[in-house]
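Under the UniProt record's numbering, the sequence shown has 230 at position 230, and the numbering climbs by one with no breaks. Here is the structure we will look at.
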Amino acid sequence: MPGPRTLAADPGSVTTLLRAALPAVPGLNLLPGVRKAPAEGFGGLTWDRPGAVVERAHVEQYAAVCGFPRRDVVPVTYPHMLAFPLHMAVMSDPAFPWAALGMVHVENTITAHRDVAVGERLDVRVSVGAARPHDKGVLLDFDTTVRAAGEPVWESRSTYLRRGSTVDGVPAPGLVIPHQPTGGTQWRLPADLGRTYAGVSGDANPIHLYPLTARALGFRRQIAHGMWTLARSVAAIENRLPEAVTVEAVFRKPVFLPSTVAYAARRDDDTWTFALTNPQDDSPHLVGRAVPAGAAGAAGSAGGA
């Protein structure tokens, strides 16, 4: 694995989108600096973002879009905003064999070790290892560690599916969350939700923006960001979660915009299970759970950087 690369600053959503798109453009994808390395022999990449400051204005924008209250500590899902530019840096790196467009976010695990305060200065590291086998392609685990003064305060694993490619091995079982709750509260999601969240997150993937841009990539119309569906689901119960918590989620079906979804949550001892479903047939868009960090049955620390 090559040594860590460093991202000096957030490049912005337009630059991020261009870097992600170029490897998918015939002809341009052969240019030096754009051309992707072969998948065979890929051992992993690490990118660092030192000294990222948690800005109050951005936290409040994120909280408003995702349904969290205004507080002096960040929502438990917020540090993903600091890691996302590094996810894109990895995916856009010529040493990463797969183009960013076409990567499908299928699972996510977050472990918060303590609250992160607005104004803290944090060091963020994202590492991805060798691809794992999957029935429909390969899986790539993006492990994030966020440190304050050298101590880990937040970790996550975002697992992406890349269809088509293959690697040797037997696919491991994915995250299974039994006893999905159904029914509950219905939320009406507007057509511009993807554009609103993109403006806060920097994730301007065309599948989230407009019907035309989504259809160009195989969707009948734009879809909500998976991390918005997770954040909104956690926001509904965050005031009942411990400070040190592990949140796991499986993304099942896309949420087309505009649409109506149903949200339900259930508590069993120290475990909260929640789901975002289609209210017409209870089919899940997202199923997740939250447990105290380190509790039996939790995924535990997801990062490994």
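Backbone N, C-alpha and C fix where the C-beta goes; we use that ideal spot for every residue, glycine too. Predicted model, so just to flag it, every value in this text is computed and none were measured.
With a threshold of 16 other CB atoms inside 10 Å of the CB of residue i, please say whether the residue is buried or exposed.
i: Glu151; result: exposed
i: Glu107; result: buried
i: Leu140; result: buried
i: Thr6; result: exposed
i: His179; result: exposed
i: Glu55; result: exposed
i: Ser156; result: buried
i: Pro97; result: buried
i: Asp143; result: buried
i: Ser283; result: exposed
i: Pro206; result: buried
i: Ala149; result: exposed
i: Ala37; result: exposed
i: Glu248; result: buried
i: Pro75; result: buried
i: Asp135; result: exposed
i: Leu217; result: exposed
i: Gln222; result: buried
i: Gly194; result: buried
i: Val126; result: buried
i: Gly304; result: Confidence at Gly304 is low in this model, with a pLDDT of 37, below 50, so its placement is unreliable and no value can be given for it.
i: Ala293; result: buried
i: Ala8; result: exposed
i: Ala63; result: buried
i: Ser301; result: Low confidence applies here, because Ser301 scores a pLDDT of 38, under 50, leaving its location unreliable; read the following figure in that light. That one is buried.
i: Ala265; result: buried
i: Asp203; result: buried
i: Val176; result: exposed
Strictly by DSSP, which residues pair up with residue i?
i: Glu107; result: Thr159 and Val250
i: Pro190; result: Partner(s): none; Pro190 has no beta bridge.
i: Ala290; result: Val247 and Trp272
i: Leu217; result: Partner(s): none; Leu217 has no beta bridge.
i: Thr196; result: DSSP output for Thr196 lists no bridge partner at all.
i: Ala52; result: Leu122
i: Val65; result: According to DSSP, Val65 bridges with nothing at all.
i: Gly44; result: Gly129
i: Val73; result: Ala117
i: Gly137; result: His134 and Arg163
i: Pro284; result: Thr277
Tell me, to the nearest whole angstrom, how far the beta carbon of residue i is from that of residue j; I am working on the premise that it is less than 8 angstroms.
i: His225; j: Ser201; result: 7 angstroms
i: Val146; j: Asp72; result: No, Val146 and Asp72 are not in contact; Cβ-Cβ is about 18 angstroms, not under 8 angstroms.
i: Tyr263; j: Ala295; result: Actually they do not touch by this definition, with Cβ atoms about 23 angstroms apart.
i: Val167; j: Val128; result: About 14 angstroms; that fails the 8 angstroms criterion.
i: Leu45; j: Val90; result: 5 angstroms
i: Thr109; j: Thr246; result: 7 angstroms
i: Val59; j: His113; result: No, Val59 and His113 are not in contact; Cβ-Cβ is about 18 angstroms, not under 8 angstroms.
i: Gly43; j: Ala130; result: 6 angstroms
i: Val291; j: Asp268; result: Actually they are not in contact, since the Cβ atoms of Val291 and Asp268 sit about 10 angstroms apart, beyond 8 angstroms.
i: Val261; j: Leu189; result: 6 angstroms
i: Pro4; j: Ala95; result: 12 angstroms between Cβ atoms; not a contact.
i: Ala191; j: Leu257; result: 5 angstroms
Is any beta-carbon of chain C found at less than 9 angstroms from that of residue i?
i: Val65; result: Protein chain content of the structure displayed is limited to a single chain, and chain C is not contained in it.
Would you be able to state if there are at least three C-beta pairs under 8 angstroms between the segment 282-295 and the segment 246-262? yes
Quick check on the DSSP output: what are the complete beta strand (DSSP E) runs of length 3 or more inside the segment 139-187, in order along the chain? 151-163
Please specify which runs of the alpha helix (DSSP H), each continuous and at least 4 residues long, are wholly inside the segment 224-267, giving them in chain order. 226-235
Would you call the segment 37-49 and the segment 84-98 touching, i.e. three or more CB-CB distances under 8 angstroms? yes
Is the segment 166-184 in contact with the segment 269-278, if contact means three or more CB pairs nearer than 8 angstroms? yes
Any alpha helix (DSSP H) of 4 or more consecutive residues that is wholly inside the segment 76-134: 79-92
With contact counted as at least three CB pairs below 8 angstroms, one residue from each stretch, are the segment 73-82 and the segment 231-241 in contact? yes
Are there three or more Cβ pairs, one per stretch, closer than 8 angstroms when the segment 234-241 is compared with the segment 206-222? no
Decide yes or no for the touch test of the segment 114-128 against the segment 164-172: beta carbon pairs closer than 8 angstroms, at least 3 of them. no
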